[in-house]
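Read through the structure below, which is laid out as structure tokens, and then see the notes.
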Amino acid sequence: DAGVTQSPTHLIKTRGQQVTLRCSPKSGHDTVSWYQQALGQGPQFIFQYYEEEERQRGNFPDRFSGHQFPNYSSELNVNALLLGDSALYLCASSLGRYEAFFGQGTRLTVV
Amino acid sequence: SQQGEEDPQALSIQEGENATMNCSYKTSINNLQWYRQNSGRGLVHLILIRSNEREKHSGRLRVTLDTSKKSSSLLITASRAADTASYFCATDGRVAGGSYIPTFGRGTSLIVHP
Numbered sequence: 051d052a053g054v055t056q057s058p059t060h061l062i063k064t065r066g067q068q069v070t071l072r073c074s075p076k077s078g079h080d081t082v083s084w085y086q087q088a089l090g091q092g093p094q095f096i097f098q099y100y101e102e103e104e105r106q107r108g109n110f111p112d113r114f115s116g117h118q119f120p121n122y123s124s125e126l127n128v129n130a131l132l133l134g135d136s137a138l139y140l141c142a143s144s145l146g147r148y149e150a151f152f153g154q155g156t157r158l159t160v161v
Numbered sequence: 003s004q005q006g007e008e009d010p011q012a013l014s015i016q017e018g019e020n021a022t023m024n025c026s027y028k029t030s031i032n033n034l035q036w037y038r039q040n041s042g043r044g045l046v047h048l049i050l051i052r053s054n055e056r057e058k059h060s061g062r063l064r065v066t067l068d069t070s071k072k073s074s075s076l077l078i079t080a081s082r083a084a085d086t087a088s089y090f091c092a093t094d095g096r097v098a099g100g101s102y103i104p105t106f107g108r109g110t111s112l113i114v115h116p
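Here it is, written out as structure tokens:
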């Protein structure tokens, strides 16, 4: 079992560009959550997907959007990138009311 | 806003000593989880304790939960240099459908000197 996998591991984008991050959940998991972690801070909840629908959303602007596919994998899209979007983006998968397992994250740098 | 707040923010100890980290939270919970993070990479799940449990052990880890005080502690015994990491508590501050959404604090940065 590969666990939760995220791609890419690192990327650098320019202000105003758009970015797509990808996540494959742990085998058997049906729920994917995305978090943003700024340097020195704890992870902040962005949104959660279940059955291909956004089930819950944190305090993030509409520039942040996502998608879940029938195989439960997920994408996080960020439009019109700002310098402040530079962070580690973490994906977590879970099944029902059990602990969430995290991927290694994607380090996004906006220049 | 962050539901759980860890204390201290940073802790520096010698190998072999015990490390204790505390977490306080604001609203009622169903469970509380502790995670570890090495060098800004992914979070590793350490232990989950349910609201009806008071103490839980896993290897060198001991977690306590006091729901009356809305607090939890993580004790790492006989620490090793490899325990150097950031430790986060996460509470299930929100529920979406049947799934809990862990809400994290800012973490405790632990440094264990060899």
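Taken in order, these protein sequences are the chains called F and H. Positions 51 to 161 (my numbering) are the ones given, in order, by the first sequence. Positions 3 to 116 (my numbering) are the ones given, in order, by the second sequence. Cβ atoms here follow ideal geometry from the backbone N, Cα and C, with glycine treated the same way. Since the model is a prediction, treat every value here as computed from it, not as a measurement.
Where residue i sits in the DSSP three-state scheme
i, result
"Asp112 of chain F", "coil"
"Ala83 of chain H", "helix"
"Ile78 of chain H", "strand"
"Thr70 of chain F", "strand"
"Ile62 of chain F", "strand"
"Ala52 of chain F", "coil"
"Asn20 of chain H", "coil"
Inter-residue CB distance, residue i and residue j (contact presumed, cutoff 8 Å)
i, j, result
"Pro75 of chain F", "Ser115 of chain F", "Contact flag wrong, Cβ pair sits at about 19 Å."
"Leu145 of chain F", "Gly78 of chain F", "6 Å"
"Gln67 of chain F", "Leu131 of chain F", "5 Å"
"His47 of chain H", "Phe151 of chain F", "6 Å"
"Asn20 of chain H", "Ile78 of chain H", "7 Å"
"Thr110 of chain H", "Leu45 of chain H", "With 8 Å as the limit, Thr110 of chain H and Leu45 of chain H do not qualify as a contact, their Cβ atoms being about 14 Å apart."
"Glu55 of chain H", "Pro116 of chain H", "Rounded, the Cβ-Cβ distance is 34 Å, inconsistent with contact."
Beta bridge counterpart(s) of residue i as assigned by DSSP
i, result
"Thr110 of chain H", "H:Tyr89"
"Glu7 of chain H", "H:Ser26"
"Ile15 of chain H", "H:Val114"
"Asn33 of chain H", "H:Arg52"
Residue of the options minimising C-alpha distance to residue i
i, options, result
"Gly153 of chain F", "F:Gly108, F:Ser143 and F:Leu133", "F:Ser143"
"Lys71 of chain H", "H:Ile49, H:Val46 and H:Cys25", "H:Cys25"
"Thr156 of chain F", "F:Val82, F:Asn129, F:Gln87 and F:Gln67", "F:Gln87"
"Ser75 of chain H", "H:Ser81, H:Asp85, H:Ile49 and H:Ala83", "H:Ile49"
"Gln11 of chain H", "F:Gly90, F:His117, F:Asp135 and F:Leu133", "F:Gly90"
"Ser136 of chain F", "F:Asn129, F:Val161 and F:Asn121", "F:Val161"
"Gln109 of chain F", "F:Glu103, F:Gln98, F:Glu102 and F:His117", "The question names Gln, but residue 109 of chain F in the sequence shown is Asn. Of the candidates F:Glu103, F:Gln98, F:Glu102 and F:His117, the one whose C-alpha sits nearest the C-alpha of Asn109 of chain F is F:Gln98."
"Asp68 of chain H", "H:Asn32, H:Pro116 and H:Leu45", "H:Asn32"
"Pro58 of chain F", "F:Arg105, F:Glu149, F:Arg113 and F:Cys73", "F:Cys73"
Any alpha helix (DSSP H) of 4 or more consecutive residues that is wholly inside the region 38-75 of chain H: Along the region 38-75 of chain H, the alpha helix (DSSP H) does not occur as any fully enclosed run of 4 or more residues.
Unbroken beta strand (DSSP E) runs of length 3 or more, entirely within the region 77-161 of chain F: which are they? DSSP runs (the beta strand (DSSP E)) wholly in the region 77-161 of chain F: 81-87, 94-100, 103-107, 114-118, 124-128, 137-144 and 156-160.
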